[in-house]
Every structure is written in C-alpha cells, then in structure tokens.
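**Student:** Numbering (UniProt numbering), first residue to last: 1 to 311. Using N, Cα and C, we set each Cβ at its ideal position, and we do this for glycine too. Just passing along the structure, written as structure tokens.
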C-alpha cells in the first residue's frame, strides 16, 4: 500500500477518482461527489487530496476543505471491496497530520446519513456533531433520458404557472420580469454585497469568494436582475456527472416577492438543457422555505449530508 498527498490535481487522476466514485455510488446508493479543488482553502499550498493505493490501484480518496484555520471539512471514499483493510484509519491519520501542520483547530467528517447508518461499525469512534446543521441533498433528474422529457417540462410548467400568477398581479410590468445571465466583472461588487447581506459575512470575504468562482474554470457565477438592477445570484460547479448549484441569494428587500422562484426556475431550465445531467443543490434541513421552493421546481430529496466528530 502507499499514500500520496497532493495540492493539485491532473485531469487523468481526476478521471480515475470519478470512476472510483461512480462505483461507490452504485454500490452504496449515495449521491454526493467529492469536491476536488483547493481553490477556496485558506492556504492553497496545503495538500487537500489524500490518495490510498493498493497494489497500484486507487482504492481510497480523502479531501480537505478549509476556508480558515477554525475547521477542516473532511470527506473520504473507499472502494467497497477494500473496506476491511485499515485504509480509513491510515487516510485519517495522514489528514490529521496535515491539519496539525497547518494549525487547523478542528476537523468535521462529512458523510451521507444512509451510508453512516449502513455501516455503524465503520464509525464507532465518531458521533454526530450537535453544532452542525444537517443538509438535505436535493436532485433534479436521475439520468440523461429524463432531461429530454418530463423533468424539463416540470420546470417549464412551474415557471409558466408562476409567471401567470405574477402576470395577473402586476400585468407583466417590467419591474416583475427577472433576467438571469452570467455575471460580468463589473457585477462582482454588487454580488458580493448581496452575499454578505444574506449570509452575514463580511464584504471582503464574499468579494474574495466571487473572485475565486470567476477564476475557477469549473465554476460559473450567475446574476439575477430586474431592470438592470442586480437582485440576486447563484453559482454553479460544472462536474462531469452533475451540476451543483450553490451560494443562492436574493437581496433582502426583494425577498418574498417570487423573484427567487422565477430566477431559479429559469436557471434550472437552462442548465438542464445545456448540460443534460442531474442538478444538485443543498439546503439546511431546517430551511423549510428553501426546501419547499426547490421541491416545487422538481427537485427531490435524495440524501442527507451530516457531520461527524470524534468521540
């Protein structure tokens, strides 16, 4: 066996990791793909990938996501046929060493709840983190065939229904028409202010975030606008197997008017037709309003993302 740690990722290795993940998802009925980037880590020289090889075959992968030194979020996957070997312990030991070297104070282990429940003995040294809110993983579409028929029609139907409701209220006034477009460099300032307002972060933190999204070739930053005023935003990660939607925000004074529903409906329709692969989004389990919105647009809850800590 051998363990390799990296702070960069070549395309061939990325493909190998995706192949391993695909096998694991099919075996375990899981949905969450690894985030294979250190673009958002506080120190991009820090290794973020821990790879376990058995007789030259890649059988285990661990990732480290740490926006600051307060917490590292760790995710790992292991080939089903090799889980009786002490691979997990070896990878976790290496991850802990990296976190110590970079003075990260705490580690949270991210995992899907159904896998945690299937293999309780695998996690006998861990417990649920009471301070971490579980997130629901919602998915739109299961395979490419669906994107040619019912799934796209669902979003279009919901969008038309919403538009009709607003047509009757506002007679299709210009101030109710939401436009969705790719963000331009001159839009980053407004988007950062909206994110800071909605997520209670500093403008500096959100400005750095949107700059990194724009600089990342696997990411796209979208803006929502009414009459050329930016009222919201959403970022996506273009993964080979799925499209992740994240950092969805609507300016507070424009919330509860249906604009977010219109914008996400438009974006969902566009992304589905463009990429022909499932869409995923996550929402805090207690965020009933957002979950209800996504479900109305055709997203289905497929899993739950939880955080473990050591006992």
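So, does the stretch 25–33 touch the stretch 114–124, judging by three or more C-beta pairs under 8 angstroms?
**Tutor:** Yes, since at least three Cβ pairs between the stretch 25–33 and the stretch 114–124 fall closer than 8 angstroms, the two stretches touch.
**Student:** Here's the rule: buried if 16 or more other CB atoms are within 10 angstroms of the residue's CB, otherwise exposed. What is residue 11?
**Tutor:** Counting Cβ neighbours within 10 Å, residue 11 comes out exposed, since fewer than 16 surround it.
**Student:** What does the alpha-carbon distance come out to for the pair residue 197 and residue 207?
**Tutor:** Cα to Cα, residue 197 sits roughly 12 angstroms from residue 207.
**Student:** Considering Cα atoms alone, identify which of 261, 81, 49 and 271 is closest to residue 97.
**Tutor:** The candidate whose alpha carbon is nearest that of residue 97 is 49.
**Student:** Since residue 283 sits in a beta bridge, which residues does DSSP pair it with?
**Tutor:** According to DSSP, residue 283 bridges with 136.
**Student:** State yes or no: is the C-beta of residue 272 nearer than 7 angstroms to some heavy atom of the ligand ATP?
**Tutor:** The model depicted lacks the ligand ATP and carries no ligand whatsoever.
**Student:** Straight-line CA distance for residue 181 to residue 285?
**Tutor:** Rounded to whole angstroms, residue 181 to residue 285 spans 29 angstroms at the Cα level.
**Student:** In this structure, how does DSSP classify residue 158 when only helix, strand and coil are distinguished?
**Tutor:** Only weak support exists for where residue 158 lies, its pLDDT of 45 falling under 50; the value from the coordinates is given anyway. Residue state, collapsed to three classes: helix.
**Student:** Residues in the same chain with beta-carbon distance under 6 angstroms from residue 301, minus the five sequence neighbours each way, listed in chain order, please.
**Tutor:** Closer than 6 angstroms at the Cβ level, and outside the excluded window around residue 301, lie 136 and 138.
**Student:** At 3 residues or longer, what runs of the beta strand (DSSP E) sit wholly inside the UniProt domain "N-acetyltransferase" (178–311)?
**Tutor:** Those beta strand (DSSP E) runs which fall completely within the UniProt domain "N-acetyltransferase" (178–311) and span 3+ residues are 179–182, 219–226, 229–238, 243–250, 279–284 and 300–310.
**Student:** Could you check whether the stretch 54–71 touches the stretch 80–87, counting it as contact only if at least three pairs of C-beta atoms, one from each stretch, sit closer than 8 angstroms?
**Tutor:** With a cut-off of 8 angstroms, the stretch 80–87 and the stretch 54–71 count as touching, because enough Cβ pairs lie within range.
**Student:** Determine the direct distance from the alpha carbon of residue 77 to that of residue 314, and round the result to whole angstroms.
**Tutor:** Look at the range of the chain in this structure, 1 to 311, and you will see that residue 314 is not part of it.
**Student:** From which residue to which residue does the beta strand (DSSP E) around residue 73 run?
**Tutor:** Residue 73 -> beta strand (DSSP E) spans 72–78.
**Student:** Using only CA atoms, which one of 304, 218 and 214 lies nearest to residue 241?
**Tutor:** Nearest option by C-alpha distance: 218.
**Student:** Is it right to say residue 268 is buried, meaning 16 or more other beta carbons lie within 10 angstroms of its own, or is it exposed?
**Tutor:** Its Cβ being crowded by 16 or more others within 10 Å, residue 268 is buried.
**Student:** For residue 67, report the span of its alpha helix (DSSP H) as first-last.
**Tutor:** No alpha helix (DSSP H) holds residue 67; DSSP gives it neither H nor E.
**Student:** Under a Cβ-count criterion, where at least 16 other Cβ atoms within 10 Å of its own Cβ denotes burial, should residue 63 be classed as buried or exposed?
**Tutor:** Residue 63 is buried by the Cβ-count criterion.
**Student:** Near residue 18, what residues of its chain come up, given a Cβ to Cβ distance below 7 angstroms and the 5 sequence neighbours on each side ignored?
**Tutor:** So the qualifying residues of the chain are 240 and 241.
**Student:** Give the C-beta separation of residue 224 and residue 259 to the nearest angstrom, bearing in mind that I take them to be a contact with Cβ-Cβ under 8 angstroms.
**Tutor:** Confirmed, about 7 angstroms.
**Student:** Out of 120, 252 and 232, which has the shortest C-alpha to C-alpha gap to residue 264?
**Tutor:** That would be 232, whose Cα lies nearest to the Cα of residue 264.
**Student:** By a C-beta neighbour count over all protein chains shown, 10 Å radius and 16 as the cutoff for buried, is residue 307 buried or exposed?
**Tutor:** Residue 307 should be labelled buried.
**Student:** Can you name the residues that DSSP bridges to residue 6?
**Tutor:** Residue 6 pairs with 49.
**Student:** Where does residue 104 sit, in a helix, a strand or coil, going by DSSP?
**Tutor:** Looking at residue 104 - three-state DSSP - the assignment turns out to be coil, as it is neither helix nor strand.
**Student:** Less than 6 angstroms between C-beta atoms, sequence neighbours within five positions excluded: which residues of the same chain meet that for residue 154?
**Tutor:** Only weak support is given to the placement of residue 154: the predicted model assigns it a pLDDT of 45, under 50, and the question is left unresolved by the model.
**Student:** Answer with buried or exposed for residue 68, where buried requires no fewer than 16 other C-beta atoms within 10 angstroms of its C-beta.
**Tutor:** That one is exposed.
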